[in-house]
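Comments concern the structure below.
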Amino acid sequence: MEDLLLEIKDLNIEFHDHDAPERVVSGLSMRLNRGEILGIVGESGSGKSMTAMAIAGLLRRHDMKISGEIYFEGTEILHAGRSELRRLQGDDIGIIFQEPMTSLNPVKKIGWQVEESLRIHRPQLSREQRYALAIECLKSVELDEPEVIYKKYPHELSGGMRQRVMTASAMICDPRLLIADEPTTALDVTIQLQIVKLLQKLNREKNTSILFISHDLSLVRKLCGRILVMHDGRVVEEGDSHEIFTHPRQAYTKELIGAIPRMEKLQQF
Amino acid sequence: MKYAAKKLVTMLITLLSISFLVYFAFDIIPGDAALAALGTDSTPERLEALREQLGLNRPFLERYFEWLANFVRGDFGVSYKYKMPVADMISSKLPITVMMALISFAMMVVVSLPLGVYTAMNSGRRIDRLIMVVNQIMMSVPHFFMGIVLTYIFGLVLKLFTPGGFVSYETDFWRFISYLIFPCIAIALPKIAMSVKLLRGSCIEEAAKDYVRTAYSKGNDTRGVLYKHVLRNAMIPVITLWGMTLADMLVGSIVIEQVFNIPGIGRILLTSISYRDYPVVEAVIVLIAAVVIVTNFCVDIIYQIADPRISVGGR
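So the protein sequences, as listed, match chains A and B.
Here the first sequence is numbered in our numbering, starting from 166 and rising by one per residue.
Here the second sequence is numbered in our numbering, starting from 6 and rising by one per residue.
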């Protein structure tokens with residue numbers, strides 16, 4: 166039985182900052198159910214990050230033209246008012262970005278940044294309640310000594326730790342949708358696996374739907390039940406993750422799978 | 006705390022070096038207290054006798070350390086020209102110059118902060134371009150010329166103040182302040198222009214960074230992103246500029262005091278240089294240097310609070 170959380174109908178995104186309009190996403194449609202982990206794979210420039218930003222309501226720029234519909238629990242995100250959108254952002258929709266080194270504010274303490282969504286969306290909470298929630302959240306992303314981390318600045322943490330902090334600050338309001346936009350790209354391989362396991366755990370424990378965006382097929386395969394393959398702004402293939410890996414129908418998908426380094430293939434089979 | 010202690014030591018060493026250099030420079034320049042007292046037509050014997058009496062023939066270092074010890078205690082020596090303690094001469098004028106610098110500084114902060122943010126938020130629009138043109142003009146006009154223009158417009162044409170008039174702060178504090186307003190505007194305008202430009206650029210640069218996108222993704226509105234995230238980061242270079250500016254304003258007021266006929270430290274410095282009144286010049290220079298260095302020390306400390314990345318690896 167389907168329990169729909171997010172539905173995108175015919176999404177088109179065009180850039181207008183050059184002379185000729187540049188179409189980065191065309192005719193994208195997709196559905197994401199509650200508690201599901203959906204992977205979007207594709208090479209750089211395939212439009213997957215733009216799709217993520219559009220869902221998170223972060224594409225409101227004058228040099229872009231966006232058409233289509235994005236429904237999140239009945240709210241249409243593309244045409245929602247700004248205040249309506251802000252109510253969702255950070256509360257119902259959390260997002261983790263690709264660059265853990267620069268996505269945190271360098272002059273604010275970790276605790277302050279993790280609590281930020283709480284201050285915006287749960288103003289009724291006291292300082293002590295916020296602190297308790299932040300510590301619990303830092304613990305849930307498997308950071309040791311959360312009380313110490315709480316008082317640190319971003320530059321005092323490693324890349325993997327910062328990505329955990331980002332995850333914590335995106336998860337603190339228990340969003341129904343977590344968008345992870347290449348969350349592991351800037352990290353080394355062992356840390357990548359840890360972050361993927363962490364996302365799996367959050368999905369299991371809190372039933373958060375996750376939209377996992379990556380160009381790394383082996384990670385997507387580990388994490389996601391269903392996969393969307395994007396190429397040049399279009400969805401070229403969609404389906405069950407196992408099915409796509411064993412019987413890719415499109416030439417492009419075959420190429421992508423063929424591009425996985427041999428060592429990893431050997432490890433998997 | 007370790008950072009502050011290190012900076013404090015550096016500050017003391019710098020102050021000591023400056024006092025030494027100043028004293029040394031005035032020691033090797035021809036002419037001394039005896040010559041100043043007796044005049045050039047005096048005989049070499051009488052000069053020598055007075056030098057002996059004043060202790061000017063003692064070794065340089067001995068005299069330096071005595072002067073330094075007295076200076077630290079607030080005894081800046083006696084003016085050759087006016088035969089009165091330098092400390093007394095300076096102490097009545099210092100509040101005027103310091104007041105001017107402080108008012109100018111306050112004007113700069115109060116005007117440039119909102120204007121910098123406003124132009125950054127409206128960058129590229131007509132109002133921003135207009136402000137930036139005016140800004141560029143203000144930046145290129147020297148403050149003494151601005152002083153003359155202000156005197157002409159507001160003093161002679163609009164008659165808002167009496168050019169050349171001045172009331173001591175001891176007689177009437179608020180009238181004293183009112184006479185300082187226009188000189189302070191003259192000092193502040195170029196600095197306002199500079200910090201508006203810097204803050205605008207800094208805000209625009211910070212607004213494009215990744216953490217701003219994160220801030221929006223948490224549900225912040227534009228005001229929240231601006232005040233809680235962008236501004237704090239954008240202020241870091243501006244704080245440095247302001248620190249240098251405060252010291253600059255003290256020195257800059259020396260010229261402006263002449264334009265507006267204000268009897269501050271600048272007046273004393275200029276007359277005592279022309280009279281070769283070395284104890285006064287030495288005292289004023291060392292005091293100005295001390296203010297500059299102490300200001301820089303404070304800026305370093307504030308800077309470290311504003312940017313937590315400084316203390317780590319900053320050695």
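C-beta atoms are modelled at their ideal positions from N, C-alpha and C, and glycine is treated no differently.
Exercise. DSSP on PRO313(B), reduced to helix/strand/coil?
Worked result: coil
Exercise. In terms of residues, what are the limits of the beta strand (DSSP E) holding LYS230(A)?
Worked result: 229-237
Problem set entry | Three-way DSSP call (helix, strand, coil) for THR48(B) in this model | coil
Exercise. DSSP beta-bridge partners for ASP405(A)?
Worked result: ARG391(A)
For this session: Quick one: list the residues of chain B neighbouring ASP182(A), beta-carbon separation under 8 Å, in chain order.
Result: Those within 8 Å of ASP182(A) in chain B number zero; the least Cβ separation is about 13 Å.
Exercise. Can you name the residues of chain A whose CB is closer than 7 Å to the CB of SER222(B)?
Worked result: ALA221, LEU223, GLN254, GLY255 and ILE260
For this session: Say whether chain A places a C-beta atom closer than 8 Å to the C-beta of ARG68(B).
Result: no
Problem set entry | Length of the line joining the Cα atoms of LEU363(A) and ASP405(A) | 22 Å
Problem set entry | Option nearest ILE231(A) by Cα separation, candidates MET218(A), GLU307(A) and MET336(A) | MET218(A)
Problem set entry | Alpha-carbon to alpha-carbon, THR373(A) and PRO340(A) | 7 Å
For this session: For my contact list, LEU203(A) and ARG329(A) are in at a C-beta cut-off of 8 Å; report their separation, rounded to the angstrom.
Result: Their Cβ separation, rounded to whole angstroms, is 22 Å, which puts LEU203(A) and ARG329(A) out of contact at 8 Å.
For this session: With 8 Å as the threshold, decide whether the Cβ of SER282(A) is near any Cβ in chain B.
Result: yes
Exercise. Residues bridged to ASP305(B) by DSSP?
Worked result: Beta-bridge pairing links ASP305(B) to no other residue.
Problem set entry | Nearest-angstrom Cα separation, counted from ASP215(B) out to GLY319(B) | The pLDDT assigned to GLY319(B) is 42, lower than 50, so where the model puts this residue is not dependable; a value taken from the coordinates is nonetheless given after this. In a straight line, the C-alpha of GLY319(B) is about 25 Å away from that of ASP215(B).
For this session: Pick helix, strand or coil for THR240(A), following the three-state DSSP scheme.
Result: strand
Exercise. For the ligand SAM, is there a heavy atom less than 7 Å away from the beta-carbon of THR176(B)?
Worked result: What this structure holds is no ligand at all, so the ligand SAM is not there to describe.
For this session: Look at the Cβ atom of THR124(B), then the Cβ atom of PHE265(B), and state whether they are nearer than 8 Å.
Result: no
Problem set entry | Option nearest GLY160(B) by Cα separation, candidates ASP80(B), MET199(B), LEU274(B) and SER183(B) | SER183(B)
Exercise. Can you list, in chain order, the residues of its chain whose CB lies under 8 Å from that of ILE244(B), leaving out five sequence neighbours each side?
Worked result: VAL304, ILE307, TYR308 and ALA311
Problem set entry | DSSP three-state assignment for ALA345(A), whether helix, strand or coil | strand
Exercise. Which chain A residues are close to ARG237(B), counting only those with a beta carbon under 7 Å from its beta carbon?
Worked result: VAL272
For this session: Closer than 8 Å, Cβ to Cβ, to anything on chain A: give me those residues from the stretch 198-220 of chain B, in chain order.
Result: LYS214, ASP215, TYR216, ARG218, THR219 and ALA220
Problem set entry | Euclidean distance between Cα positions of VAL172(B) and ALA106(B) | 17 Å
Exercise. Are three or more beta carbon pairs between the stretch 389-403 of chain A and the stretch 355-370 of chain A nearer than 8 Å?
Worked result: no
For this session: For HIS244(A), decide whether its Cβ has a neighbour in chain B, counting only Cβ atoms nearer than 8 Å.
Result: no
For this session: Identify whether ARG218(B) lies in helix, strand or coil by the three-state DSSP scheme.
Result: helix
Exercise. Relative to the alpha-carbon of PHE187(B), which residue among GLU175(B), LEU204(B), LEU165(B) and ASP80(B) has its alpha-carbon at the smallest distance?
Worked result: LEU165(B)
Exercise. Around the Cβ of ASP253(B), are there at least 16 other Cβ atoms within 10 angstroms (buried) or fewer (exposed)?
Worked result: buried
Exercise. Does the beta-carbon distance from HIS380(A) to GLY207(A) come in below 8 Å?
Worked result: yes
For this session: With a 10 Å radius around its C-beta and 16 neighbouring C-beta atoms as the bar for buried, classify VAL14(B) as buried or exposed.
Result: exposed
Exercise. What does ASN225(B) touch in chain A if you count any residue whose Cβ is under 7 Å from its own?
Worked result: ILE285
Exercise. Taking C-alpha atoms, which residue in LYS174(A), ILE205(A) and LEU170(A) lies nearest to GLU347(A)?
Worked result: ILE205(A)
For this session: Please list the residues of the stretch 288-315 of chain B that have a C-beta atom closer than 9 Å to any C-beta atom in chain A, keeping them in chain order.
Result: ALA311, ASP312, PRO313 and ARG314
For this session: May I ask you to list, following chain order, the residues of the stretch 141-163 of chain B that have a beta carbon less than 8 Å from some beta carbon of chain A?
Result: none
Problem set entry | Contact list for ARG251(A) against chain B, beta-carbon separation under 8 Å | GLY224, ASN225 and ASP226
For this session: Using a Cβ-Cβ cut-off of 8 Å, state whether THR267(A) counts as contacting chain B.
Result: yes
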